[in-house]
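Heads up: the structure comes next, in structure tokens.
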Amino acid sequence: SAVISQKPSRDICQRGTSLTIQCQVDSQVTMMFWYRQQPGQSLTLIATANQGSEATYESGFVIDKFPISRPNLTFSTLTVSNMSPEDSSIYLCSVNRAGYEQFFGPGTRLTVL
Amino acid sequence: RKEVEQDPGPFNVPEGATVAFNCTYSNSASQSFFWYRQDCRKEPKLLMSVYSSGNEDGRFTAQLNRASQYISLLIRDSKLSDSATYLCVVNNPGNQFYFGTGTSLTVIP
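As given, the protein sequences belong to chains P and L, one line each in that order. Here the first sequence is numbered in our numbering, starting from 1 and rising by one per residue. Here the second sequence is numbered in our numbering, starting from 114 and rising by one per residue.
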């Protein structure tokens, strides 16, 4: 299994500001994933973060809005930029071992006022 | 078209009942399939993988029909602790996981 921590666990932010979410994994992994889960919805993949290259974004998500860093094989950050109330969601990072099970962090619960 | 589609429910069943969830996926090249369980305000966790031959884990049975691009989960003898949201998940080429919207189950005493 993988142990994943995220910071912050929750935050309440003002419209127009930005929040950076950190994800730390207990071992080295090639790919890290960032998901969003809006209230009452399932998980939507935002982007895949590969160490040493630019993140790959899914349709509907852009780098200017959700910049991602991946400085090493155990850490990644996701920034939610110029926030609006529509960005209120749970943001989860995850890793995948050997193309099999996805392990998730505990999530960051974001509320934008 | 969504990658994965599920009936959102909710399913409200009495203890001891048998309940079945269904899921369809759109990409015929999908490589692996899973059911995840998500408890309220928690992250999703793997319940079981789904194999073409069908597989069983205690009260839980998963089936995959590649021809119809259909996945199912059967829960027998439901327990109160089974109350959760069940997510159908597929892994597509490129190692990308796609999640269904989830099916909500409440087991009633």
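Beta carbons: idealized from backbone N, C-alpha and C, even for Gly. Being a predicted model, the structure only gives us computed values, none of them experimental.
Using a Cβ-Cβ cut-off of 9 Å, state whether residue i counts as contacting chain L.
i             : result
residue 54/P  : no
residue 102/P : yes
residue 44/P  : yes
residue 33/P  : yes
residue 48/P  : yes
residue 107/P : yes
residue 92/P  : yes
residue 41/P  : yes
residue 72/P  : no
For residue i, would you say it is in contact with chain P, using Cβ-to-Cβ distances shorter than 9 Å as the test?
i             : result
residue 135/L : no
residue 215/L : yes
residue 163/L : no
residue 183/L : no
residue 176/L : no
residue 145/L : yes
residue 192/L : no
residue 173/L : no
residue 123/L : no
Got a sec? Which residues, its chain only, sit under 7 Å from residue i by beta carbon, not counting five neighbours each side?
i             : result
residue 106/P : 6, 9
Report buried or exposed for residue i, applying the criterion of at least 16 other Cβ atoms within 10 angstroms of its Cβ.
i             : result
residue 62/P  : exposed
residue 211/L : buried
residue 149/L : buried
residue 137/L : buried
residue 97/P  : exposed
residue 213/L : buried
residue 35/P  : buried
residue 87/P  : buried
By Cβ distance, which residues of its chain are closer than 6 Å to residue i, with the 5 residues on each side in sequence left out?
i             : result
residue 77/P  : 20, 22, 69
residue 48/P  : 31, 33, 56
residue 174/L : 187
residue 134/L : 186, 199, 216
residue 79/P  : 18, 20, 67
residue 184/L : 136, 146, 163, 177, 201
residue 109/P : 10, 90
residue 204/L : 144, 145, 210
What residue range is occupied by the uninterrupted beta strand (DSSP E) comprising residue i?
i             : result
residue 18/P  : Careful: residue 18/P lies outside any beta strand (DSSP E) and carries neither H nor E.
residue 55/P  : No beta strand (DSSP E) contains residue 55/P, which DSSP labels as neither H nor E.
residue 73/P  : Residue 73/P -> no beta strand (DSSP E), and no H or E assigned at all.
residue 36/P  : 31 to 37
residue 62/P  : Segment: none, residue 62/P is in no beta strand (DSSP E) and carries neither H nor E.
residue 170/L : 168 to 170
residue 131/L : Counting along the chain, residue 131/L falls outside any beta strand (DSSP E), and DSSP gives it neither H nor E.
residue 92/P  : 89 to 96
residue 118/L : 117 to 119
residue 205/L : 197 to 205
*Does the count of Cβ pairs from the stretch 200 to 217 of chain L and the stretch 118 to 134 of chain L closer than 8 Å reach three?*
With a cut-off of 8 Å on Cβ pairs, the stretch 200 to 217 of chain L is in contact with the stretch 118 to 134 of chain L, counting three or more such pairs.
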